[in-house]
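Report on the structure given below.
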Amino acid sequence: MASGRSSWACRPTSRRARLTLLDRLVAASGGRPVEADIPFWFGQVKAGKKSTLDTETMGRVWAVTIMAYRNTAAGPDGTLAIAAAELRTAAALGRPVRIGQETNDLGTDPTEVKQTFYGQTQTRMNDQLAQVDSGAAAYATYAGVRSTTRRGMPRWRRDGGLRCEGAVTRDRTRRHTRAVHVVVPVTSPVGRPGQQEAP
């Protein structure tokens, strides 16, 4: 088990504190929808005797973005495979769910490189994201792909596919809501903020 997941598994008080904080944020939102970003491995973290952290988080918010950072759509370690459990959970709970993608330079280690589209062409990224969009459309509550930053994209040209414009949400429902967006704090399994890698 990666260090980030094991630290969650070993500290139930930490998980409870974060869920309590999320409850407070929802209560203080003034009725506005609250969304949360969660890592793809939250379904592997127990939250009580009969639940998991993904289920508990999704049960508290209006929608989630799964941080399923991969630069390939298919395969056993591709975006669709690592996001599948969270997509199923969101559909079962009736929660809109987006798949988050990374575009920043995370480093040169193979584990870091596979998590980002940084340094790749926009055409290749668009191809992979179209595959993600097509594959994830099978889940009833799938709402699109989300890229939360543009720092990694300034040299890319728009070439007719998905537009890369910072905090882009390609929402299949085409609805735009003003939501309170919460990034659920996690201990990164690979030790750097923003990297949500697991073995």
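Numbering of the sequence shown is given in the working numbering, commencing with residue -7 and proceeding in unit increments. Don't be surprised by glycine CBs; every beta carbon is placed ideally from N, CA and C.
Delimiting residues of the beta strand (DSSP E) encompassing residue i
{"i": "S43", "result": "Careful: S43 lies outside any beta strand (DSSP E) and carries neither H nor E."}
{"i": "D69", "result": "First-last for D69: undefined, no H or E at that position."}
{"i": "P31", "result": "26 to 31"}
{"i": "A39", "result": "Careful: A39 lies outside any beta strand (DSSP E) and carries neither H nor E."}
{"i": "T108", "result": "No beta strand (DSSP E) holds T108; DSSP gives it neither H nor E."}
Residue i, enclosing alpha helix (DSSP H) - first and last residue
{"i": "R7", "result": "4 to 20"}
{"i": "T103", "result": "102 to 105"}
Residue i vs residue j beta-carbon contact at 8 Å
{"i": "T71", "j": "T81", "result": "no"}
{"i": "T57", "j": "E27", "result": "yes"}
{"i": "R62", "j": "Q112", "result": "no"}
{"i": "V89", "j": "A135", "result": "yes"}
{"i": "R138", "j": "I91", "result": "yes"}
{"i": "A76", "j": "Q123", "result": "no"}
Three-state secondary structure assigned by DSSP to residue i
{"i": "D119", "result": "helix"}
{"i": "E78", "result": "helix"}
{"i": "G144", "result": "Below a pLDDT of 50, predicted positions are generally treated as unreliable, and G144, at 44, falls in that range; the measurement from the model is reported next regardless. Three-state DSSP puts G144 in coil, outside helix and strand."}
{"i": "Q93", "result": "strand"}
{"i": "T133", "result": "coil"}
{"i": "V56", "result": "strand"}
C-alpha distance - residue i paired with residue j, whole-angstrom precision
{"i": "F109", "j": "L79", "result": "22 Å"}
{"i": "T133", "j": "R87", "result": "6 Å"}
{"i": "L14", "j": "V53", "result": "8 Å"}
{"i": "A9", "j": "A84", "result": "25 Å"}
{"i": "G23", "j": "L17", "result": "11 Å"}
{"i": "A19", "j": "P25", "result": "10 Å"}
{"i": "T47", "j": "N118", "result": "30 Å"}
Any C-beta of chain D under 8 Å from that of residue i
{"i": "V105", "result": "Looking for chain D here will not work: only one protein chain is present."}
beta-carbon residue i near the ligand ATP non-hydrogen atom, thresh 7 Å
{"i": "R16", "result": "By its list of ligands, the structure shown contains no ligand whatsoever, and the ligand ATP lies outside what it can speak to."}
Self-check item: Given 8 Å, three or more beta-carbon pairs between the region 22 to 36 and the region 93 to 109
Solution: With fewer than three CB-CB distances shorter than 8 Å, the region 22 to 36 does not count as touching the region 93 to 109.
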